[in-house]
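Numbering follows the numbering used here, in which position 100 of the first sequence is assigned residue number 87; successive positions increment by one, without gaps.
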Amino acid sequence: MFKKKIIFLLGPTAIGKSAIAVHLAKKINAQIISCDSMQVYRSMGIVTSQPSSTQRKRVKHHLLGVINASSEYNVARYRKDALVICNKLFRKGKVPLFVGGTGLYYSVIVDGIFPSVAEDKIIRARLSNQLRLKGNNYLHEKLSKVDPLSAKKIHPNDSRRVIRALEVYMKAGAPISALQKSRVGLDNEYEVKVFALNAKRQALYDKINQRVSKMFNSGLINEVRRLLKHKLSKTAFCAIGVRELEGYFNGEYSLDEAKRLIRRNSRRYAKRQLTWFRKDKRIKWINIKDKQRPGEIAKRIWKKLY
RNA sequence: GCCGAGAUAGCUCAGUGGUAGAGCGCGGCCCUGAAAAGGCCGGCGUGGGGGGUCCGAUUCCCUCUCUCGGCA
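Right under this line is the structure:
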């Protein structure tokens, strides 16, 4: 039977995904579903480098700026929201084109997520209290007793994951390492094509630096100042640019220092994104050379589709 | 031209007669309900060139080159 296509366009920050995606979408009758943990937030268009309004007029984009910046959002919600849209697009005869740089969000769509053990604020508060009082190793040893497999995988200092694993065990009565095995991906039902953009490291870093300057020219400072008037969700607060500028607003360092930090943290982020994508053998890599235009690159991808 | 200081990691610099560290930078990796987050690992180096002393020199001596101060 003929399988329906789902296409992913991934890549590190600032590589130029958005522009290429628009060209590609036009060619293949697709609509774009954002695969980005930060661009879902509203009023954060500049810090999160959301696609421009012209780009969004040319091709319909989904899951951009749809969540209030003070609300929590997470992988599970993303998966649910994205799949609803995906099915809607199929009904309309459109191809879903996922575009973004959040590796976990990508993986949760393609490979699935283990079933429903939601965050439990009370358990978490209790565990992080124990963490504070008794230290990293105490919690980690506790995990070793109920879920040795996960304990072996998670470093004691990675307390966020230690807490999550304990939380799951306490709520589900089963170790997270066992639950994680039951994932259902899309591969069986759909034809999944995954592309990722990359460039020479130095060229990528140049692009990042340019993007940061552009963000400042487009009014980054005002956007973040406005944002910080409200209490941001812990996720939205983590967007690169927010904390860095907050330090400047508080007089902890100069504006130049804030810019330096934003550039540096973006570089490190890009590096981590690449680590994530590199290990995924389904990805077909598209290397961008200096003067290639988005349209040409979209064409290169298009040729590999059929 | 003279006097002084220096030349060690990508950068800023420590230190030692037994072939070297620190911060920043950078590289690699992990990742399932905060993921632009969080965590782990890694010194990446012909110690400016040449000669000498010494068992042994990055360290001591001489010389050359360069850089930075000051005086002309």
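Every residue gets a Cβ at the ideal spot worked out from N, C-alpha and C, and that includes glycine.
Excluding sequence positions up to five before and after E231, its CB lies within less than 6 Å of the CB of A245, L248, I249, all in the same chain and listed in chain order. Inclusion of L84 and Q18 in the CB contact set at 8 Å is warranted, their separation being smaller than that value. Setting aside the 5 residues that flank it on each side, I7 is surrounded in the same chain by P281, I284, A285, each with a C-beta closer than 6 Å to its C-beta; the list follows chain order.
Beta-bridge partners assigned by DSSP to S21: V86. For the 8 Å CB-CB criterion, I270 and V179 do not form a contact. A check of alpha carbon separations from I208 across K168, M31, S24 identifies M31 as the nearest.
DSSP places V104 outside any alpha helix (DSSP H), giving it a letter other than H or E. Assigned with DSSP and collapsed to three states, F(-11) falls in coil, not helix or strand. Look at the segment 3 to 83 and you find these whole runs of alpha helix (DSSP H), each 4 residues long or longer: 4 to 15, 40 to 45, 62 to 78. Contiguous beta strand (DSSP E) elements confined to the segment 192 to 250 do not occur, taking only those with 3 or more residues. The DSSP-derived three-state label of N123 is helix. In this model, I33 and Y92 are separated by some 21 Å (Cα to Cα). The DSSP-derived three-state label of E178 is strand. Residue pairing by DSSP places K271 opposite F182 in a beta bridge.
Beta-carbon to beta-carbon, S21 and H49 are separated by about 7 Å, close enough to satisfy the 8 Å threshold. Counting the other Cβ atoms within 10 Å of the Cβ of S253 gives 16 or more, which makes it buried. Inter-segment contact for the segment 34 to 45 and the segment 61 to 72 is absent: fewer than three beta-carbon pairs are separated by less than 8 Å. Burial is judged here by how many other beta carbons sit within 10 angstroms of a residue's own beta carbon; T41 has fewer than 16 and is exposed. Between L11 and W289, the gap from beta carbon to beta carbon is short of 8 Å. Note that the C-beta distance between K129 and L153 is below 8 Å.
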